[in-house]
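2 protein chains.
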Amino acid sequence: MRAFRKLALGILLLATGTLAARAQDPLPSWNDGAAKKAIVDFVKTTTTEGSPQFVPAEERVATFDQDGTLWVEKPIYSQFVYCFDRVPEVVKARPELADVEPFKTVMAQGREAIAHLSHEDLVKIAMATLSGMPVEEFREEVRKWLASARDGRWKRPYTDLTYLPMQEVLKYLRANGYKTYIVTGGGQDFVRAYAEKTYGIPPEQIVGTAIGTEYSYGKDGKPVLTKEPKLILDDNYAGKAEGIDLMIGRRPYAAFGNSTGDQQMLEYTKGGGGSRLAMLVLHDDANREYAYGPAQGLPDSKVGTFTQQLYDEAGKAGWVVISMKSDWKKIFGFE
Amino acid sequence: MRAFRKLALGILLLATGTLAARAQDPLPSWNDGAAKKAIVDFVKTTTTEGSPQFVPAEERVATFDQDGTLWVEKPIYSQFVYCFDRVPEVVKARPELADVEPFKTVMAQGREAIAHLSHEDLVKIAMATLSGMPVEEFREEVRKWLASARDGRWKRPYTDLTYLPMQEVLKYLRANGYKTYIVTGGGQDFVRAYAEKTYGIPPEQIVGTAIGTEYSYGKDGKPVLTKEPKLILDDNYAGKAEGIDLMIGRRPYAAFGNSTGDQQMLEYTKGGGGSRLAMLVLHDDANREYAYGPAQGLPDSKVGTFTQQLYDEAGKAGWVVISMKSDWKKIFGFE
């Protein structure tokens, strides 16, 4: 009887220990492996007082690309879907655009038109659909659209398509005093409209491709900031490192990306002294998400490239590649 | 004897009470008056749960002009002194400038040249002296300069010339959950070099006139961001409201300025709903600091104007004017 009690107690302690260990795992959706270990080691090394690589709290900055790094970017960036969905409204307000390309094609084909449009055409559509309104009105419109729009594959709001393992990284870093920033090629104001709710990242921590505003007075005499089709920051490639310096003024200690547009951000991060973490998400899971990039031999995306060269660079530069297929137990929170 | 004890106890309690009240006064360098009351009332109204004007913690943003609002701006902005002091070094590196205006005049007259230079000339000098070097090197140079440079009147480092009452406002707002930002017409990178130490404001909370950077690789193959003479944000007048939207993405609840360059920031702040605080520092104390602006009938500064119109606007718009002479018990911490 006593032996039985001891055994029962032992099992209980073991079970409690395992539960406690699980409860303490900050990255439960990650499989054990090099990627998870790199993140945990980085956090421990940089936040343990007395560690030679200790980073003071105020300098703890981590930057995240959004499309393809924090949420799904295929078949096209959701911001482009938003822009395409807005074209009819813009043409209604400016009927002269109905016969002008690329608006004519979009009016005829809707979202399907993306296959026929050049990068320049996409920029034209973005500029026309993302400017001309007060900033508050724009953000309200984006929120309304996000509440009703559904993606084609999962039939869910786009904001459901964030990667659970990356949400865990965001929270884990913040719990350890890191300020998390999004540094996106997407529109700064577009992402600001939902990032606080979706990622826990406030507007002042969103760096993105930015157009200007113009200050004027409304009919009630109150000031209005109207979005203008004037590019201030192209937050891609070298623009990501430049944008980080402009908006944050500190070099990140950790950076996460997935395409050649993130290369300079990762280089800039690793270029600092001490312990720095640079990670690259590899989309190699066609079943649960998408497979594209070097391993798949698929053609590059129109709006981002995922070349063999980039992944070769990762090996040389000490960036850690995250395999969606083998590193992530779960991909989405709704699974 | 018992009565005496009671009296002694009463005095003791009274004294303790007064000390406690003093210790609790968040603005000890302010005289009681409309300005101090406006600040305290604003903080109480916006941070007391259940108050109809309660502001959630994440939305608490307060913006401060720097020159003339947080520190002395006369006889000229200290950043211009820095630029003038750097001209010989720039001319040494680029000898062709020695015979070109405005560099020729500055080489001959030093800081005195300011009296003879147009605004365009000042911009030329600023662009030449504030660009061409890696960002880290620039900030290090500014820190070195600040450590040795002394102002002409008090013979002290420029960073000693911050206004103690405004330092108290910064701390008081932060203690109540406000994020404090500097929104300056001065150079963003210049102010970032010392703002954390001088004001407790980190680089990511400095919005200022900004030039771009260019990303390249050094001899060691590591990325370098070099400051380029290319204006990205002119953070004056309407540019202050536009810069706040670009860099912060939230409308401030409180804003502090002192010149026409701050007018749009104050308007934009007051234009939001709920309780908003807009304040204007009036330099009316020639003995302890300087007296300029409407009350003094002095000519406007070359690089900022303090018109009667601005102060008339204050009355109409509900901005609160801070009189240095009557509202501030002490001006500097070293007094």
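Chains as they are written, first to last, in the working numbering: chain X, 147 to 481; chain S, 147 to 481.
Glycine included, every Cβ here is placed at the ideal spot set by N, Cα and C.
In the three-state DSSP reduction, X/T406 falls in the helix class (H, G or I). Looking at the DSSP output, X/E360 shares a beta bridge with X/T372. The DSSP-derived three-state label of S/S472 is helix.
Residue state for S/A339 is assigned as coil, using DSSP reduced to three classes. Taking CB atoms only, X/G417 has a neighbour in chain S less than 8 Å away. Taking C-beta atoms as the reference points, S/V329 and S/K416 fail to come closer than 8 Å. Annotation: the continuous alpha helix (DSSP H) that includes S/I390 extends over 384–393. Here the C-alpha atom of S/V337 lies approximately 42 Å from the C-alpha atom of X/F230. Closer than 8 Å to the CB of X/L392 there is at least one CB belonging to chain S.
For the 8 Å CB-CB criterion, X/V466 and X/A259 do not form a contact. Under the three-pair Cβ rule at 8 Å, the region 169–178 of chain S does not count as touching the region 370–384 of chain S. Taking 8 Å as the threshold, the shortest C-beta distance from X/P348 to chain S falls below it. Going by beta carbons, X/Y327 and X/A424 fall outside the 8 Å limit.
X/L371 has a beta carbon lying within less than 8 Å of a beta carbon in chain S. The Cβ atoms of X/E388 and S/Y361 lie closer than 8 Å to each other. Burial state of X/Q170 is exposed, judged by a 10 Å Cβ sphere holding fewer than 16 other Cβ atoms. Inter-residue distance for X/T251 and X/S277 is about 20 Å (C-alpha atoms, whole angstroms). Chain S places no beta carbon closer than 8 Å to that of X/T406, leaving this residue out of the contacts.
X/E481 counts as exposed, since fewer than 16 other C-beta atoms from the protein chains shown sit within 10 angstroms of its C-beta.
Taking 8 Å as the cut-off between beta carbons, the residues of the region 272–306 of chain X near chain S are V281, in sequence order. If you draw a straight line from the Cα of X/E350 to the Cα of S/E242, it comes to about 43 Å. Along the region 202–213 of chain S, the positions whose C-beta sits under 7 Å from a C-beta of chain X are E204, read in chain order. DSSP assignment within the region 158–236 of chain S yields the following whole alpha helix (DSSP H) runs of 4 residues or more, N-terminal first: 180–193. DSSP places S/V246 outside both helix and strand once states are collapsed to three, so it counts as coil. S/Y457 and X/E204 have their C-alpha atoms some 39 Å from each other. For S/Y327, the enclosing beta strand (DSSP E) begins and ends at 325–333. At a cut-off of 8 Å between beta carbons, X/K270 makes no contact with chain S.
Residue-level contact check: X/R422 does not touch chain S, since none of the beta carbons of chain S fall below 8 Å from its beta carbon. For X/E413, the residues of chain S that pass the 7 Å Cβ criterion are P369, in the order they occur in the chain. With a cutoff of 8 Å on beta-carbon distance, S/A274 and S/V227 are scored as not near each other. The closest CA to that of X/Q212, considering only X/R240, X/K238, X/Q313, is found on X/Q313. Looking from the CA of S/G439, the closest CA among S/G419, S/N433, S/S405 belongs to S/S405. Of the residues assessed, S/P202 falls on the exposed side of the cut-off, its CB having fewer than 16 other CB atoms within 10 angstroms. S/G358 is the residue among S/L292, S/A400, S/V233, S/G358 whose C-alpha sits nearest the C-alpha of S/D380. C-alpha of X/A295 to C-alpha of X/G256: approximately 14 Å in a straight line. For X/I477, none of the residues of chain S pass the 7 Å Cβ criterion, the least Cβ distance being about 29 Å.
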